[in-house]
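Take a look at the structure below.
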Amino acid sequence: MIVLFTDFGTHDPYVGQVKARLAVDAPGVPTIDLLHEVPDFNPHAGAHLLAALAHGFPPGTVFLAVVDPGVGTPRGTVVMQADGRWYVGPDNGLLSVVAARAQDTRLWRIVWRPEALSATFHGRDLFAPVAAALARGDFPQDWLDAVDALGVEFGPGDLSRIVYIDHYGNAWTGVRGEPSVACVRAAGREFTQADCFAAVEKSHGLWFVNSVGLVELAVNRGSAAATYGLRVGDRVEVERMSGVSPRPAAARENH
Amino acid sequence: MIVLFTDFGTHDPYVGQVKARLAVDAPGVPTIDLLHEVPDFNPHAGAHLLAALAHGFPPGTVFLAVVDPGVGTPRGTVVMQADGRWYVGPDNGLLSVVAARAQDTRLWRIVWRPEALSATFHGRDLFAPVAAALARGDFPQDWLDAVDALGVEFGPGDLSRIVYIDHYGNAWTGVRGEPSVACVRAAGREFTQADCFAAVEKSHGLWFVNSVGLVELAVNRGSAAATYGLRVGDRVEVERMSGVSPRPAAARENH
Amino acid sequence: MIVLFTDFGTHDPYVGQVKARLAVDAPGVPTIDLLHEVPDFNPHAGAHLLAALAHGFPPGTVFLAVVDPGVGTPRGTVVMQADGRWYVGPDNGLLSVVAARAQDTRLWRIVWRPEALSATFHGRDLFAPVAAALARGDFPQDWLDAVDALGVEFGPGDLSRIVYIDHYGNAWTGVRGEPSVACVRAAGREFTQADCFAAVEKSHGLWFVNSVGLVELAVNRGSAAATYGLRVGDRVEVERMSGVSPRPAAARENH
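Chains as they are written, first to last, in numbering that gives the first Met the number 0: chain X, 0 to 254; chain U, 0 to 254; chain H, 0 to 254.
Shown next as structure tokens:
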């Protein structure tokens, strides 16, 4: 299975070009659109989203992860194997939270360059053929050089910011729900904990641990983003229950 | 064939997680994204859209239908077989218009609960595995209890409201075009009947029976929603030709 | 491979209905969503986008190309084979730029009409079954009449207008980047040439030859559309290097 995780957007002719390449290079392999709306130009938010989402996928899954504002510059490009899953993308931090949290990580720099390489669309020209080879089970030895570390690393810690706002207006944070969170503040107010949307009154705010393990802010049958003016990048404050060790803070929280 | 009909949105990482589960549980079965923009939190509009859209699909199709603002509460979850097609979703009325109009309907309550069940994402954790089993042809007997009726029913009648606005700005109503409609009023004006967009002048309004049999309001090469300020939930008035029996009114029109 | 190129939008239940038909009529053939946001009602912009995008696809690809504001009127419907690829769509100019630039073009009028033909959704009812037959390798002889020319032709030349704005706010023009472009003006200002986004300062404008060969206007880590107020249809002025023959101007530039 190849899983696409990009900021290419769902409206534009970018994803289709990547999928056509994959259909030719890895025929019969299912391709899943996981997310094409990673906040634009924001590998930091993307890194935390990818780390949260990747857990649900089976071993052998190949993630084609592209949020790449530096495309065309000499930034590195990498293949990573982490806890049995494969990742292909730019070396700009996007894969680094997965790397830092994994039990077992192996890394390679992509040294291959295709004959036709657009300066602005490595997703189609460079990353897709590499992902296709991995998905077919053909490890492309000649295209790769083993390396010890990523060039850009955000570390294993949480990101105390909003990293995604969905179409309901729910705001995902980069903070994992475990160990137990006691109190969440954002936009100058404290949110109430609830297990599901309907546990609070209609139009009331809440926070909950979402389906991929992150603290999420919502409004029952409404939009938290619109109600509280929340935006990607906004800080959130999280207090954990006393006696529970907090996770280490993110090494680098600015983005 | 598995057909997805949800309010998960096309931008968010929800549909991809469902499709990854289906790819694992029902490999090789085509999965079709029919609609992920059912009006949010609105099973009533969704029920009428689903009833209109489902007709075009072949026998054996499995609809995974999720518009589920009550997820995580004790609302029921159901499997339905209606006129040879399967439906899996919450028991909140979403499947009830299909049920009430079908010649032949069988119903089961889903009693199975997966080991890992998110409080907010039953589409992925509960409904997708059930839909996958049906699509593989493995009726999951042990997961289901036969029941006689749905818990929430909207009845077989039409819904005299706007139930969907498409990206052109065309407004779908919940009113079927047969028996012959004579006159359609919405937003304080009467619309002209036409067979296709180009049958009226550019920027003029019209109504027509759309490609799934519903009365739809449009503007030739323009947006009916923007021109007339139409929104989902707005009432429409429909007069039928004298001598033609009207359909029964919807049992419950508020939403 | 069947490639969808339409103005059906990614949010609406149109694409899913087309794909369900294709899944039934051409089982096992990969279907790629290339673009469903061709500017609404604008076959002229669409014709230039299609010509630029089609190059990257392998021989035998079947393009289902539908931007069809005249659906339901007696406008023609065609099958085209151009340089080894197939195209199915309305005869309203949408296929004509591909036709005019191809080395080798063959054309047929679609004379077949399905039993159930919606007045407003020929994409599903007429074009999809024809595309499916071609993709299966069953040339539908009885459904087609060979013709010598399209009814509506835009010619082989470039279109000196903005033809698409992507979700980053980058503006695609209908002007090909070769032979060498020296200078690009739009919205009353001259743009700087650069090879990639990061070659200019953050928030600065640039133009570049994009991944499908068209001149594109962008802002590094920002939106060119928002920064300069660019819209589809806006004129752009392009000067080519002296000594390089310009391409012939488009036969018909208004739309």
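Cβ atoms here follow ideal geometry from the backbone N, Cα and C, with glycine treated the same way.
Next item on the list: Say whether chain H places a C-beta atom closer than 7 Å to the C-beta of proline 29 of chain X.
Entry: For the purposes of this step, residue 29 of chain X is taken as the residue at position 30 of the first sequence. Put simply, the CB of proline 29 of chain X is far from chain H, with every gap to its CB atoms at 7 Å or more.
Item checked: Contact under 7 Å by Cβ, histidine 35 of chain H with glycine 8 of chain H -> Counted from its first residue, the third sequence places residue 35 of chain H at position 36. Counted from its first residue, the third sequence places residue 8 of chain H at position 9. Judged by beta-carbon spacing, glycine 8 of chain H lies within the 7 Å limit of histidine 35 of chain H, meaning their Cβ atoms are closer than that value.
Check: Helix, strand or coil for alanine 132 of chain H per DSSP?
Finding: Mapped onto the third sequence, residue 132 of chain H falls at position 133. Looking at alanine 132 of chain H - three-state DSSP - the assignment turns out to be helix.
Notebook entry, point to check: If we cut at 7 Å on Cβ distances, does serine 95 of chain X have a partner in chain H?
Noted result: Stepping through the first sequence from its first residue, residue 95 of chain X is reached at position 96. So, not an interface residue.
Notebook entry, point to check: Which residues, taken in chain order from the segment 17-28 of chain U, show a beta carbon closer than 7 Å to some beta carbon of chain X?
Noted result: Under the 7 Å Cβ criterion, the segment 17-28 of chain U contributes Lys18, Ala19, Ala22, Val23.
Check: Can you tell which of U/Arg175, U/Asp103, U/Gly204, U/Phe56 has its C-alpha closest to the C-alpha of glycine 212 of chain U?
Finding: In the second sequence, residue 212 of chain U corresponds to position 213, counting from 1. If we check each option's Cα against that of glycine 212 of chain U, U/Arg175 comes out closest.
Next item on the list: Indicate the three-state DSSP secondary structure (helix, strand or coil) for alanine 248 of chain U in the structure shown.
Entry: Your numbering for residue 248 of chain U matches position 249 in the second sequence. Bear in mind that a pLDDT of 45 at alanine 248 of chain U, under 50, signals an unreliable position, so the number given afterwards is only what the model happens to contain. In the three-state scheme derived from DSSP, where H, G and I count as helix and E and B as strand, alanine 248 of chain U is classed as strand.
Notebook entry, point to check: Between the segment 53-84 of chain X and chain U, which residues of the former have a C-beta closer than 7 Å to a C-beta of the latter?
Noted result: Identification of residues in the segment 53-84 of chain X having a C-beta nearer than 7 Å to some C-beta of chain U yields Gly55, Phe56, Pro57, given in sequence order.
Item checked: Pick from U/Asp165, U/Asn169, U/Ala132 that is closest to aspartate 11 of chain H, judged by C-alpha positions -> Position 12 of the third sequence, counted from the start, is the residue given in the question as residue 11 of chain H. A check of alpha carbon separations from aspartate 11 of chain H across U/Asp165, U/Asn169, U/Ala132 identifies U/Asp165 as the nearest.
Margin query: With H, G and I counted as helix, E and B as strand and the rest as coil, what does DSSP make of arginine 234 of chain H?
Written below: Here residue 234 of chain H is taken as the residue at index 235 of the third sequence, counted from 1. Correct three-state label for arginine 234 of chain H: strand.
Next item on the list: Mind checking the segment 201-235 of chain H against chain U and listing, in chain order, the residues whose C-beta falls within less than 8 Å of any C-beta there?
Entry: Residues passing the 8 Å Cβ filter: none.
Note to self: Please identify, using Cβ separations under 8 Å, the residues of the segment 111-145 of chain X that lie next to chain H, in order along the chain.
What the structure shows: Here the close residues are Ser117, Ala118, Thr119, Phe120, Arg123, Asp124.
Notebook entry, point to check: Is DSSP giving serine 159 of chain X helix, strand or coil here?
Noted result: The sequence position of residue 159 of chain X within the first sequence is 160, counting from 1. If DSSP states are grouped into helix, strand and coil, serine 159 of chain X belongs with the strands.
Next item on the list: Thinking valine 66 of chain H and leucine 94 of chain H are a contact (beta carbons under 8 Å), I'd like their distance in whole angstroms, please.
Entry: Within the third sequence, the letter at position 67 stands for residue 66 of chain H. Within the third sequence, the letter at position 95 stands for residue 94 of chain H. In fact, because the Cβ distance is near 10 Å, the residues do not count as touching under 8 Å.
Notebook entry, point to check: Secondary structure at threonine 5 of chain H, three-state DSSP: helix, strand or coil?
Noted result: Residue 5 of chain H sits at position 6 when you count from the first residue of the third sequence. Correct three-state label for threonine 5 of chain H: strand.
Checklist line | Own chain partners of alanine 99 of chain X with C-beta closer than 8 Å, once the 5 adjacent residues on each side are dropped | finding: As a working note, residue 99 of chain X is residue 100 in the first sequence. Excluding sequence neighbours, alanine 99 of chain X sits near Glu152, Phe153, Gly154, Pro155.
Note to self: Distance check for aspartate 137 of chain X and arginine 230 of chain H, CA to CA, integer angstroms please.
What the structure shows: Residue 230 of chain H sits at position 231 when you count from the first residue of the third sequence. Residue 137 of chain X sits at position 138 when you count from the first residue of the first sequence. Going from the Cα of arginine 230 of chain H to the Cα of aspartate 137 of chain X covers about 45 Å.
Notebook entry, point to check: Below 7 Å between beta carbons: does that hold for alanine 265 of chain U and aspartate 82 of chain U?
Noted result: The question about residue 265 of chain U has no answer here: the residues shown for chain U are numbered 0 through 254.
Item checked: beta strand (DSSP E) segments (min. 3 residues) lying fully within the segment 98-150 of chain H -> Counting only runs of 3 or more, we get 104-109, 143-146.
Checklist line | Residue nearest to alanine 131 of chain U in terms of C-alpha spacing, selected from U/Asp147, U/Gly173, U/Lys18 | finding: Here residue 131 of chain U is taken as the residue at index 132 of the second sequence, counted from 1. When each option's Cα is compared against that of alanine 131 of chain U, the closest is U/Lys18.
Next item on the list: Please list the partners that aspartate 32 of chain X has in chain U, where partner means a Cβ-to-Cβ separation under 8 Å.
Entry: Here residue 32 of chain X corresponds to residue number 33 of the first sequence, with the count starting at 1. Per Cβ cutoff of 8 Å: Val14, Gly15, Lys18.
Notebook entry, point to check: Interface residues of chain H around threonine 191 of chain U at Cβ under 9 Å?
Noted result: Position 192 of the second sequence holds residue 191 of chain U. In chain order: nothing, as chain H lies at least about 15 Å away.
Next item on the list: Evaluate alanine 134 of chain X with the Cβ neighbour count: other Cβ atoms within 10 Å of its Cβ, from every protein chain shown; 16 or more gives buried, anything less gives exposed.
Entry: Translated into positions along the first sequence, residue 134 of chain X becomes position 135. Buried, by the Cβ-count rule.
Notebook entry, point to check: Which of helix, strand or coil does DSSP assign to arginine 175 of chain X?
Noted result: In the first sequence, residue 175 of chain X corresponds to position 176, counting from 1. In the three-state reduction of the DSSP assignment, arginine 175 of chain X falls in the strand class, which pools E and B.
Notebook entry, point to check: Name the chain X residues whose beta carbon is nearer than 9 Å to that of aspartate 90 of chain H?
Noted result: What you label residue 90 of chain H is simply residue 91 of the third sequence in a count that begins at 1. In chain order: nothing, as chain X lies at least about 23 Å away.
Margin query: If you measure between the beta carbons of glycine 228 of chain X and serine 202 of chain X, is that distance less than 7 Å?
Written below: By 1-based counting over the first sequence, the position of residue 228 of chain X is 229. By 1-based counting over the first sequence, the position of residue 202 of chain X is 203. Taking 7 Å as the Cβ cut-off, glycine 228 of chain X and serine 202 of chain X do not qualify as a contacting pair.
Notebook entry, point to check: glutamine 192 of chain X lies in the alpha helix (DSSP H); which residues open and close that run?
Noted result: Looking up residue 192 of chain X in the first sequence gives position 193. In this chain, glutamine 192 of chain X is not harboured by any alpha helix (DSSP H), its DSSP state being neither H nor E.
Next item on the list: Could you tell me which residues DSSP pairs with glutamate 215 of chain X in its beta bridges?
Entry: Locating residue 215 of chain X in the first sequence gives position 216, where the first residue counts as 1. Paired residues: X/Trp171, X/Phe207.
Note to self: For the segment 189-200 of chain X against the segment 105-122 of chain U, do three or more pairs of beta-carbon atoms, one drawn from each stretch, fall closer than 8 Å, so that the two count as touching?
What the structure shows: Flag = yes, the segment 189-200 of chain X and the segment 105-122 of chain U touch.
Notebook entry, point to check: Beta-carbon separation of leucine 33 of chain X and glycine 15 of chain U under 7 Å?
Noted result: On the first sequence, position 34 is the one that residue 33 of chain X refers to. On the second sequence, position 16 is the one that residue 15 of chain U refers to. Against a cut-off of 7 Å, the Cβ pair of glycine 15 of chain U and leucine 33 of chain X comes out as a contact.
Next item on the list: Please list the partners that alanine 50 of chain X has in chain U, where partner means a Cβ-to-Cβ separation under 8 Å.
Entry: Here residue 50 of chain X is taken as the residue at index 51 of the first sequence, counted from 1. For alanine 50 of chain X, no chain U residue has a C-beta closer than 8 Å to its own C-beta; the minimum C-beta separation is roughly 13 Å.
Next item on the list: Report the rounded CA-to-CA distance for glutamate 177 of chain X versus tyrosine 13 of chain H, giving the unit in angstroms.
Entry: Taking the first residue of the first sequence as 1, we reach residue 177 of chain X at position 178. Taking the first residue of the third sequence as 1, we reach residue 13 of chain H at position 14. Within the model, the alpha-carbon separation for glutamate 177 of chain X versus tyrosine 13 of chain H is close to 42 Å.
Note to self: Tell me the DSSP secondary structure of arginine 239 of chain H in three-state form.
What the structure shows: One-based indexing of the third sequence puts residue 239 of chain H at position 240. Arginine 239 of chain H carries a strand assignment under DSSP once its states are collapsed to helix, strand and coil.
Next item on the list: From the DSSP output, read off the bridge partner residues of methionine 79 of chain U.
Entry: Your numbering for residue 79 of chain U matches position 80 in the second sequence. When DSSP reads this structure, methionine 79 of chain U sits in a beta bridge with U/Tyr86, U/Leu106.
Check: Would glutamate 177 of chain X count as contacting chain U if we go by Cβ distances under 7 Å?
Finding: Within the first sequence, the letter at position 178 stands for residue 177 of chain X. Closer than 7 Å: no.
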